[in-house]
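According to full-length UniProt numbering, the sequence shown holds residues 1 to 208 in order.
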Amino acid sequence: MELTHRQEQIIEIVKENGPITGENIADKLDLTRATLRPDLAILTMAGFLDARPRVGYFYTGKTGFELLSDQLKKLIVRHHHSVPVVVNDQVSVYDAITTMFLEDVGTLFVVNDHSLLVGVLSRKDLLRASMGNQDLSDVPVHIIMTRNPKIKVCEKDDLLLDAANKLIENQIDALPVVIEREDGLEVVGRLTKTNITKAFVELVKEDV
1 MELTHRQEQI IEIVKENGPI TGENIADKLD LTRATLRPDL AILTMAGFLD
51 ARPRVGYFYT GKTGFELLSD QLKKLIVRHH HSVPVVVNDQ VSVYDAITTM
101 FLEDVGTLFV VNDHSLLVGV LSRKDLLRAS MGNQDLSDVP VHIIMTRNPK
151 IKVCEKDDLL LDAANKLIEN QIDALPVVIE REDGLEVVGR LTKTNITKAF
201 VELVKEDV
């Protein structure tokens with residue numbers, strides 16, 4: 001974030017004199033405590049300063065990059081995933097291709113009749129199936145889908161950075177967001193590279 005001249009002055013005062021009370025900071029700047037209150041609140045919420053009751057403000061010692069990194073590490077999947085696009089494991093490859101085209105997604109999640117995750121279909125899976133001479137309307141997706149234990153998933157309370165690492169390490173475009181049931185995994189969301197990129201861009205915009 002871009003600091004005002006007064007906010008930079010406050011940080012320098014706290015660096016040199018901390019811990020220091022708000023009243024003492026105000027005295028050094030020849031301002032009232034009320035005038036400084038918004039600046040102190042912003043600097044504290046942004047992480048440049050910390051405050052302790054009856055002690056005062058002190059400098060955290062973190063740079064703007066370190067503060068942004070700390071914020072990234074707090075982002076969780078539940079606030080950034082999309083609605084999942086699923087198909088039943090008995091639908092045809094042709095219908096799956098149609099669904100992928102209409103929904104404009106790169107990955108479909110395959111579920112059984114109990115709405116539990118049983119597979120994943122990528123563009124590559126569908127492209128590979130379409131290269132043969134077989135009638136795609138007669139081939140069910142469970143024949144070509146990726147199955148466990150190769151399916152990579154995430155949960156709502158996982159860190160976004162951990163999910164991003166899964167996407168990168170496994171060279172995939174999306175992760176099913178799941179909740180664990182007694183009989184298997186229920187798909188409740190879809191986390192893509194686009195979701196993660198948007199989250200990071202929004203965080204940087206908030207910080208500018």
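Beta carbons: idealized from backbone N, C-alpha and C, even for Gly.
Does residue i pass the burial test, meaning 16 or more other C-beta atoms within 10 Å, or should it be called exposed?
i    : result
P149 : exposed
H80  : buried
E199 : The question names Glu, but residue 199 in the sequence shown is Ala. It counts as buried.
I151 : buried
A26  : buried
V201 : exposed
R190 : buried
M131 : exposed
V187 : buried
I168 : exposed
A174 : buried
T192 : buried
T4   : exposed
In its own chain, which residues sit with a C-beta less than 6 Å from the C-beta of residue i, not counting the 5 before and 5 after it?
i    : result
R78  : K156
I172 : none
N24  : none
Can you tell me whether residue i is helix, strand or coil according to DSSP?
i    : result
S82  : strand
S122 : strand
E202 : helix
V87  : strand
T60  : coil
I143 : helix
D157 : coil
L49  : strand
I20  : strand
I196 : helix
I29  : Note on residue identity: the sequence assigns Leu, not Ile, to residue 29. Reduced to three states, the DSSP call for L29 is helix.
L72  : helix
Tell me which residues share the same chain as residue i and place their Cβ nearer than 7 Å to its Cβ, disregarding the 5 neighbours each side in the sequence.
i    : result
L185 : L116, L117, V153, V178
V139 : S92, V93, A129
A164 : I196
Going by DSSP, what residue range makes up the beta strand (DSSP E) through residue i?
i           : result
T192        : 184-192
residue 212 : This structure does not reach residue 212, given that the chain is present from 1 up to 208, and the question cannot be answered.
R37         : Not the beta strand (DSSP E): R37 falls in the alpha helix (DSSP H), residues 33-46.
Quick one: give me the first and last residue of the alpha helix (DSSP H) that residue i is part of.
i           : result
residue 238 : Because the chain in this structure spans residues 1 to 208, residue 238 falls outside the shown range and cannot be described.
I13         : 5-17
E180        : Taken as a continuous stretch (DSSP letters only), E180 belongs to no alpha helix (DSSP H), being part of the beta strand (DSSP E) at 174-181.
Given residue i, which residues of its chain have a CB within under 8 Å of its CB, disregarding the five upstream and five downstream residues?
i    : result
H142 : D89, Q90, V110, V118, G119
Should the segment 84-95 be called in touch with the segment 150-157, which here means at least 3 C-beta pairs below 8 Å? no
Counting Cβ pairs closer than 8 Å, one from the segment 133-141 and one from the segment 90-109, do we hit at least three? yes
On the three-pair Cβ rule with 8 Å, is the segment 97-115 touching the segment 49-63? no
Per the contact definition of three or more C-beta pairs closer than 8 Å, is the segment 8-19 in contact with the segment 45-62? yes
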